[in-house]
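A.B. asks: Below is the structure I would like to discuss, written out as C-alpha cells.
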Amino acid sequence: EVQLVQSGAEVKKPGESLKISCKGSGYSFTNYWIGWVRQMPGKGLEWMAIINPDDSETRYSPSFQGQVTISADKSISTAYLQWSSLQASDTAMYYCATWMAGRERFDPWGQGTLVTVSS
Amino acid sequence: QSVLTQPPSVSAAPGQKVTISCSGSSSNIGNHYVSWYQQLPGTVPKLLIYDNNMRPSGIPDRFSGSKSGTSATLAITGLQTGDEADYYCGTWDSSLSAGVFGGGTELTVL
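Structure, rendered in C-alpha cells:
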C-alpha cells in the first residue's frame, strides 16, 4: 500500500525556521514527483511546489517561490518543506501528496501537518 | 483569486443530481488533464476523478467528470447526506509552470 506519513504538528514563533517532512512507503520513491499543498484555516487548497526525488528538479507556484523550499532525500524516501523565517500567515495545514506528472493529479495524500505560528 | 473558477456553494436534495463547474483557460484546463478532489469535513482531501473522467477504484459511479474546452464539470447523482463536502478541481497551468486548484465548492445536501 502506498502511504505518505508526515511529521507532527508544530507550534513556532514568528521569525523561527521550520522543516516538516513526508516519508513515502509502499512504492519506489524516485518514480513519482511529490509535492505540498497548503490549506489555511477555513480556506481552500493551494498548490505550492513539487519535486522529483530522483534528480531534485523542482517546480514552484509563483505564489510560493522564494517563500518556502522543497527538498527530498531519496536515500530515506522523505520529502521536506522548509521555511527560514516563519510568519503568522504561514499558519495552516500542510499536506504532502504524490504528484502524477503529465496526468496532473495528487494521489495519495499524507495525513497533514498543522503548523501554527504565534507569538 | 484562484486561476480556476468554481461556484462557492451548491445544494440539492437527497437523491437529486448536482453539477459543479470549473472554469479555466487554454493554459490550464484547455490543454491538461483535470482532476477532482473531495474533502469531507475535518479530513484529508481524496482523489475523486482523474484524467478528466476516470474514477479511482472504490469511487462510486454516482460521481462522474467531464471536460469541454476550457471548462470541466463534476456531476454527482443520487445525492446522499454523506456527500456533503468541499470539492476542488485541479490541473496544471503551462503559463505558471505549476499546478493549480479551483477555489473549492461546498456541497450541501438539504
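Listed in order, the protein sequences are those of chains A and B. When we follow the numbering used here, the leftmost residue of the first sequence carries the number 5, and every step to the right adds one. When we follow the numbering used here, the leftmost residue of the second sequence carries the number 4, and every step to the right adds one. Glycine is no exception: its CB is placed at the ideal position from the N, C-alpha and C atoms. Note that the structure is a prediction, hence the values are computed from the model and not measured.
1) By alpha-carbon positions, which one of A/S122, A/G114 and A/S89 ends up nearest to A/G12?
2) What does A/G46 touch in chain B if you count any residue whose Cβ is under 7 Å from its own?
3) Answer with yes or no whether the minimum CB distance from B/G106 to chain A is below 9 Å.
4) Does A/G106 come out as helix, strand or coil in the three-state DSSP assignment?
5) Pull up the distance between the alpha-carbon of A/S29 and that of A/T62, whole angstroms please.
6) Given that A/G116 touches chain B, what residues does it touch there, using C-beta distances under 8 Å?
7) What do you get for B/A101, buried or exposed, if any count of 16 or more other CB atoms within 10 angstroms of its CB means buried?
8) Can you tell me which of the three DSSP states A/K78 falls into?
9) Measure from the C-beta of B/V103 to each C-beta in chain A and report whether the shortest distance is under 9 Å.
10) Would you identify the three-state DSSP class for B/G85, choosing helix, strand or coil?
11) Hey, A/I38 and A/T117 are a contact pair by Cβ (cut 8 Å); roughly how many whole angstroms apart?
12) Does the segment 10–26 of chain A come close enough to the segment 49–56 of chain A to have 3 or more Cβ pairs within less than 8 Å?
13) For B/S12, which residues of its own chain have a beta-carbon under 8 Å away from its beta-carbon, when the five flanking residues on both sides are left out?
14) Which of the three DSSP states is assigned to A/F68 in this structure?
15) Please name the residues in the segment 82–100 of chain B whose beta-carbon is closer than 8 Å to at least one beta-carbon of chain A, in chain order.
16) Among B/S98, B/G93, B/A78 and B/D96, which residue has its Cα nearest to the Cα of B/S14?
C.D. replies: Considering the structure as presented:
1) A/G114
2) Within chain B, no residue comes near A/G46; the closest Cβ sits about 11 Å away, beyond 7 Å.
3) yes
4) coil
5) 21 Å
6) V47
7) buried
8) helix
9) yes
10) helix
11) Wrong, their Cβ atoms sit about 14 Å apart, outside the cutoff.
12) no
13) T108, E109, L110 and T111
14) coil
15) D89, Y91, G93, T94, W95, L99 and S100
16) B/A78
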